[in-house]
Amino acid sequence: MTARALLAVASECAPLVKTGGLADVVGALPRALAGQGWAVRTLIPGYRAVMAALTRPRTVLELPDLLGVKARVLAANSAGLDLLVLDAPDLFDRDGSLYLDPTGKDWPDNDLRFAALCKAAALIAGGALKSYRPELLHLHDWQAGLVPAYMAEIGVGVPAILTVHNMAFHGLAAHTRLKTLELPAGGFTVDGFEYYGHISALKAGMMGAQALTTVSPTYASELATPEFGMGLEGVIRARAHDLSGILNGIDTQTWDPATDPAIKPFSAPGGKAVNSRALRAEFGLDRQGGPLCIVVSRLSDQKGLDLLLEALPALIDAGGQLALLGSGDRRLENAWLNAAARHPGRVGVRIGYDETLSHRMFAGADAVLVPSRFEPCGLTQLYGLRYGALPVVARTGGLADTVIHANSAALAAGCATGITHRPGDVPALQDALRQLCALHADRPLFQRLQRNAMKHPVGWEASAPVYAALYARLTDATRETA
Ligand code: ADP
Numbered sequence: 433m434t435a436r437a438l439l440a441v442a443s444e445c446a447p448l449v450k451t452g453g454l455a456d457v458v459g460a461l462p463r464a465l466a467g468q469g470w471a472v473r474t475l476i477p478g479y480r481a482v483m484a485a486l487t488r489p490r491t492v493l494e495l496p497d498l499l500g501v502k503a504r505v506l507a508a509n510s511a512g513l514d515l516l517v518l519d520a521p522d523l524f525d526r527d528g529s530l531y532l533d534p535t536g537k538d539w540p541d542n543d544l545r546f547a548a549l550c551k552a553a554a555l556i557a558g559g560a561l562k563s564y565r566p567e568l569l570h571l572h573d574w575q576a577g578l579v580p581a582y583m584a585e586i587g588v589g590v591p592a593i594l595t596v597h598n599m600a601f602h603g604l605a606a607h608t609r610l611k612t613l614e615l616p617a618g619g620f621t622v623d624g625f626e627y628y629g630h631i632s633a634l635k636a637g638m639m640g641a642q643a644l645t646t647v648s649p650t651y652a653s654e655l656a657t658p659e660f661g662m663g664l665e666g667v668i669r670a671r672a673h674d675l676s677g678i679l680n681g682i683d684t685q686t687w688d689p690a691t692d693p694a695i696k697p698f699s700a701p702g703g704k705a706v707n708s709r710a711l712r713a714e715f716g717l718d719r720q721g722g723p724l725c726i727v728v729s730r731l732s733d734q735k736g737l738d739l740l741l742e743a744l745p746a747l748i749d750a751g752g753q754l755a756l757l758g759s760g761d762r763r764l765e766n767a768w769l770n771a772a773a774r775h776p777g778r779v780g781v782r783i784g785y786d787e788t789l790s791h792r793m794f795a796g797a798d799a800v801l802v803p804s805r806f807e808p809c810g811l812t813q814l815y816g817l818r819y820g821a822l823p824v825v826a827r828t829g830g831l832a833d834t835v836i837h838a839n840s841a842a843l844a845a846g847c848a849t850g851i852t853h854r855p856g857d858v859p860a861l862q863d864a865l866r867q868l869c870a871l872h873a874d875r876p877l878f879q880r881l882q883r884n885a886m887k888h889p890v891g892w893e894a895s896a897p898v899y900a901a902l903y904a905r906l907t908d909a910t911r912e913t914a
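Shown next as structure tokens:
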């Protein structure tokens, strides 16, 4: 059977460029889908780091005037991925991060940068490459949201799926940018991409794609509510029949405690001790009897780490320790550095982004804390499960879908894998941390929980076939109406 052609469009793709879970998913899905009969090509921007990582790229399309910018599309294989790269130096060859300038502000032309990505995707879908025509497009987040609008404008009928990885980011642009972005003025309506007087790239994708998915079943149902819908709950409700929640997996080859080159490998909880010792030393933590907890996270309001600061004394008083790795909001960075200074030997903080260190942290930790206010799926609790670091998580979004709370029934049935608590609630978080310390004090019980966690399936084996079935449904429906 020949594999069917799917073009994924995204602004991040691990291991080449990553700011969060989106990159992990975009990087891991192609391998998972290969076994399901889909050949995925991934179109990403040619950021400086991407261009530097490509070996022997081939130019497959010249675009001398892509929304007023000189660009070309390169084809290359890298890290096992079949890539198409939009090389447009005026848009992507810059210092700073993917979305922010060196001072931490959004690039003022972010709308144009990702509109160009979308326009290129629409052209490719329409047959601009000589020997490649995708049957289906998989669009990720607002950065790929304008693809259906451009396809409609060019007259391309390839079906598209939009996956919302985080509803908090809308990709808004001033309506005065319609011309610059070469968007059809007729689309600037309530039923199109207009959002309270602005252009919303996310809404454009949500209205224009044939199917919508998000990254967990619970987040899919939360999105229809004002609390989580971020102003787009009406669109979600209108498209409820086309929306499904498909849980993210993780790349279980990169994240395998038995073979991970960044750690002292282990396949049972007892093997973690040597990694715990190294982790304590690395973060300047005392030798302690209580649980060694970690946080690996963006420091933003979403992640609830201000709530954890408030709850921290409960963990410390009960004998726990914490090592935190993260970066983002300056106020939170400083508040956490102050917490480390207040609790020497008990709290260690590293401000920054360090993938290899994060592996060592999961290997050494007894628990990973994820107190998010909302969490579309969350990946760090999945790494925690895989590495026997029990997840202590807020009961929201994908966190609620992946962790089995250690209540008395689950403990008696032997199926608990972690602790869940009410989101956005400091006393509930304090109780969860105290429960963690109490469970940890019973060594045999805690190791049983760790073994349960390590056995919990966290790869793509369940979700890849669900995506494949959805792809098949959409392409078959398009064929029937053609
Ligand atoms: P989000 O995408 O909202 O940031 P996720 O939990 O879905 O949250 O994914 C975050 C990803 O980024 C995970 O792979 C996590 O390990 C990684 N990560 C976040 N912050 C850091 C950091 N400071 N250093 C290393 N990895 C990090």
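When you number the sequence shown by the numbering used here, it's gap-free, plus one each residue, and the end is 914. Note that the Cβ used here is the ideal one computed from N, Cα and C, for glycine as well.
Taking residue i and residue j to be in contact with their CB atoms under 8 Å, please state how far apart those CB atoms are, rounded to whole angstroms.
i	j	result
A826	V800	Rounded, the Cβ-Cβ distance is 13 Å, inconsistent with contact.
G677	P649	4 Å
G922	M639	What the structure shows of the chain is the stretch from 433 to 914, and residue 922 is not part of that stretch, so it cannot be assessed.
V579	A554	6 Å
P808	T646	6 Å
R473	L439	5 Å
I682	R818	7 Å
F715	G784	No, F715 and G784 are not in contact; Cβ-Cβ is about 13 Å, not under 8 Å.
Q879	P701	5 Å
L655	M599	6 Å
V858	A743	5 Å
R792	N707	7 Å
A464	A896	4 Å
R565	A466	Contact doesn't hold; Cβ gap of about 19 Å is too wide.
Out of the options, point me to the one whose CA is closest to residue i's CA.
i	options	result
A471	L486, A435 and V501	A435
F546	L493, A481 and L475	L475
S840	A832, D514, G850 and T834	G850
P776	W892, Q720, V457 and T612	Q720
P836	D519, T852, G830 and A821	The sequence given here places Ile at residue 836; Pro does not occur at that position. For the residues D519, T852, G830 and A821, the minimum Cα distance to I836 belongs to T852.
A455	H597, R883 and I593	H597
L902	P591, V482, A508 and R473	P591
F601	A576, D863, G589 and A552	A576
S529	K450, L571, A485 and P462	K450
P920	A584, L711, G716 and Q642	With the chain represented from 433 up to 914, any question about residue 920 goes unanswered, as that position is not in the structure.
D497	K551, T907 and D525	K551
G760	L679, G452 and G780	G452
N542	L604, Q867, G559 and A844	L604
Q867	W539, A909, P823 and A832	P823
A560	E494, L811, L740 and D863	E494
K635	P697, L679, H572 and T686	H572
Y582	L739, L747, E614 and K704	E614
V890	A844, K502, T686 and A755	T686
V727	A520, V588, A690 and A795	A795
A810	G820, G829 and D798	Looking at the sequence itself, residue 810 is Gly, so the reference to Ala does not match. It is G829.
F524	V501, R763, D863 and K537	V501
T684	R911, L461 and N766	L461
Can you tell me whether residue i is buried or exposed? The criterion is at least 16 other CB atoms within 10 Å of its CB, across all chains shown.
i	result
Y628	exposed
G758	buried
E893	exposed
S632	buried
S699	exposed
V482	buried
S563	exposed
A641	buried
D688	exposed
H607	exposed
I695	buried
E444	buried
H673	exposed
I556	buried
I668	buried
L532	exposed
D692	buried
D833	buried
R875	exposed
E567	buried
A520	buried
Verify the CB distance criterion: does residue i have a CB-CB separation below 8 Å to chain B?
i	result
T535	No chain B is part of this structure, which consists of one protein chain only.
* Asked: Unbroken alpha helix (DSSP H) runs of length 4 or more, entirely within the stretch 824-863: which are they?
  -> 829-834 and 840-845, all fully within the stretch 824-863.
* **Length-filtered (3 minimum) beta strand (DSSP E) runs lying within the stretch 663-718** => DSSP runs (the beta strand (DSSP E)) wholly in the stretch 663-718: 675-677.
* Asked: Taking only runs of the alpha helix (DSSP H) that begin and end inside the stretch 596-641, which ones reach a length of at least 4 residues, in chain order?
  -> If we require 4 residues or more, the alpha helix (DSSP H) runs fully inside the stretch 596-641 come out as 633-640.
* Asked: Which ranges does the alpha helix (DSSP H) cover as unbroken runs of at least 4 residues, wholly within the stretch 724-780, from first to last along the chain?
  -> Given a length threshold of 4 residues, each whole run of the alpha helix (DSSP H) inside the stretch 724-780 is given here in chain order: 737-749 and 762-774.
* Tell me the start and end of each unbroken alpha helix (DSSP H) in the stretch 778-822 that is at least 4 residues and wholly inside, in chain order. => If only uninterrupted alpha helix (DSSP H) runs of at least 4 residues are considered, those enclosed by the stretch 778-822 are 787-796 and 812-818.
* Complete runs of the beta strand (DSSP E) confined to the stretch 482-510 [at least 3 residues] -> With a minimum length of 3 residues, the continuous beta strand (DSSP E) runs that stay inside the stretch 482-510 are 490-498 and 501-510.
* Length at least 4, wholly inside the stretch 511-562: the alpha helix (DSSP H) runs in chain order -> With a minimum length of 4 residues, the unbroken runs of alpha helix (DSSP H) contained wholly in the stretch 511-562 fall at 521-524 and 542-557.
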